[in-house]
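Engineer: Below you will find the structure I want to go over with you.
In our numbering, the protein residues as written are -12 to 327.
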């Protein structure tokens, strides 16, 4: 993990909201192209995988892997739509986001509301609980009963977090507006219309290719893409040098810049993930389209030194589970136990 350099720390005091305002305007032709070069290859790979299964060419199922990558990219476009940054037209962004939600199994309006809460409170210890990964402080964990500790340890286990978790979230949990049951009619309409869209699309595809091919092809794509999505979201905030603060000390720009990572991925992975690894910039200004985030790094290279996590370094983030308020860093269960 890279420590924040003095130069980067000084630059963190710049008026980034004003600076990033010039990157907010999307190129609508570019947005249309990004949508086309994501949806068409996804549909093509899906069809080729189904054909490979139908004709007994099992080796062709390897196409499930890039198809899952394109599904991640579809979610990133849906994500930009949720921020109103893809076309910068609320009606267009919302309806594209809702349509893409059928493919990602994500009720768009529910997700947008939870994600807005996440952006408004990321890194605030007093505002945890919606749109984020559950994170306890060391003191909170020590006060729990053994059952509570066991449940939390299971929740944070990699097999649950990145294996069972995505299956539960995308296939089951998001079928109801969990956490928004009392949020009025909108969450219910979003969930139920998305469910209806998923059911109609699934019925048509099963009628065309059969239930076996549908399950063999589509289920792994959804699970792989879901696991990758949870992993990305995890690394973006669950890294050793992240920052959390109590409400009275929390400040938006600092929380965005230092509480979110710069996940420095290879170019091909940056493309598939819609540059969401440039997450500190995204949290500074969510209106910047994903395809313009690399422009910000190019023009302001000092941002590359803040919260940088490489692909190899990110693997070590898996062990982090508790926020140590005394050391102001995320620690593992073992480190917390040794410090007791």
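Idealized CB from N, CA, C, for every residue including glycine.
As the structure is a computational prediction, the values presented were derived from the model and not from experiment.
By how many angstroms is the C-alpha of residue 33 removed from the C-alpha of residue 51?
Structural biologist: Here residue 51 refers to the residue found at position 64 when the chain shown is read from its first residue. Here residue 33 refers to the residue found at position 46 when the chain shown is read from its first residue. Residue 51 and residue 33: Cα-Cα distance of roughly 7 angstroms.
Engineer: Inspect the beta-carbon positions of residue 87 and residue 64 and report whether they are closer than 8 angstroms.
Structural biologist: To locate residue 87, count along the chain shown from 1; it is residue 100. To locate residue 64, count along the chain shown from 1; it is residue 77. Result yes, Cβ atoms of residue 87 and residue 64 sit closer than 8 angstroms.
Engineer: Between the alpha carbons of residue 292 and residue 255, how many angstroms are there, rounded?
Structural biologist: Position 305 of the chain shown holds residue 292. Position 268 of the chain shown holds residue 255. Going by the C-alpha atoms only, they are around 21 angstroms apart.
Engineer: Counting only the same chain and skipping the five closest in sequence on each side, list residues whose C-beta sits under 8 angstroms from that of residue 154.
Structural biologist: Residue 154 sits at position 167 when you count from the first residue of the chain shown. Excluding residues up to 5 positions away in sequence, 210, 213 lie with their Cβ nearer than 8 angstroms to the Cβ of residue 154 in the same chain.
Engineer: Among residues of its own chain, excluding the 5 on either side of residue 259, which ones have a beta-carbon nearer than 7 angstroms to its beta-carbon?
Structural biologist: To locate residue 259, count along the chain shown from 1; it is residue 272. Result list for residue 259: 56, 59, 60, in chain order.
Engineer: Would you identify the three-state DSSP class for residue 124, choosing helix, strand or coil?
Structural biologist: Against the chain shown, residue 124 aligns to sequence position 137. If DSSP states are grouped into helix, strand and coil, residue 124 belongs with the strands.
Engineer: Please identify the residue among 297, 249, 275, 281 whose C-alpha is closest to the C-alpha of residue 267.
Structural biologist: Translated into positions along the chain shown, residue 267 becomes position 280. Minimum Cα distance to residue 267 is reached at 249.
Engineer: Grab the span of the beta strand (DSSP E) containing residue 296 for me, first residue to last.
Structural biologist: Position 309 of the chain shown, counting from 1, holds the residue named residue 296. Counting along the chain, the unbroken beta strand (DSSP E) around residue 296 starts and ends at 295 to 297.
Engineer: Nearest-angstrom Cα distance between residue -12 and residue 290?
Structural biologist: As a position in the chain shown, residue -12 is number 1, starting the count at 1. As a position in the chain shown, residue 290 is number 303, starting the count at 1. Residue placement at residue -12 is flagged as unreliable, the pLDDT there being 45, under the threshold of 50; the coordinate-derived value follows with that caveat. Going by the C-alpha atoms only, they are around 15 angstroms apart.
Engineer: For the 8 angstroms Cβ check, are there 3 or more pairs between the segment 105 to 119 and the segment 185 to 194?
Structural biologist: No contact exists between the segment 105 to 119 and the segment 185 to 194.
Engineer: Expressed to the nearest angstrom, what Euclidean distance is found between the alpha-carbon atoms of residue 7 and residue 83?
Structural biologist: If you number the chain shown from 1, residue 7 lands on position 20. If you number the chain shown from 1, residue 83 lands on position 96. Cα to Cα, residue 7 sits roughly 25 angstroms from residue 83.
Engineer: Around the Cβ of residue 40, are there at least 16 other Cβ atoms within 10 angstroms (buried) or fewer (exposed)?
Structural biologist: Mapped onto the chain shown, residue 40 falls at position 53. So residue 40 counts as buried.
Engineer: Could you spell out the range, first to last residue, of the beta strand (DSSP E) harbouring residue 308?
Structural biologist: Residue mapping note: residue 308 aligns to position 321 of the chain shown, counting from 1. DSSP places residue 308 in the uninterrupted beta strand (DSSP E) bounded by 307 to 311.
Engineer: Tell me the residue span of the alpha helix (DSSP H) that contains residue 234.
Structural biologist: Taking the chain shown and counting its residues from 1, one reaches residue 234 at position 247. From DSSP, residue 234 is part of no alpha helix (DSSP H); its letter is neither H nor E.
Engineer: Taking just the CA atoms, how far does residue 139 sit from residue 195?
Structural biologist: Within the chain shown, residue 195 is the residue found at index 208, counting from 1. Within the chain shown, residue 139 is the residue found at index 152, counting from 1. Taking the straight line from one Cα to the other gives about 43 angstroms.
Engineer: Indicate whether the contact test is met: 3 or more Cβ pairs, each with one atom in the segment 280 to 288 and one in the segment 195 to 206, closer than 8 angstroms.
Structural biologist: no
Engineer: What does DSSP give as the partner residue(s) for residue 96 in the beta ladder?
Structural biologist: Translated into positions along the chain shown, residue 96 becomes position 109. None, per the DSSP bridge assignment.
Engineer: Identify the continuous beta strand (DSSP E) that holds residue 165 and give its terminal residues.
Structural biologist: On the chain shown, residue 165 is found 178 positions in, with the first residue counted as 1. Counting along the chain, residue 165 falls outside any beta strand (DSSP E), and DSSP gives it neither H nor E.
Engineer: Suppose you measure from the CA of residue 322 to the CA of residue 220; what does that come to, to the nearest Å?
Structural biologist: As a first step, residue 322 must be located in the chain shown, where it is residue number 335. As a first step, residue 220 must be located in the chain shown, where it is residue number 233. Approximately 23 angstroms between the Cα atoms of the pair.
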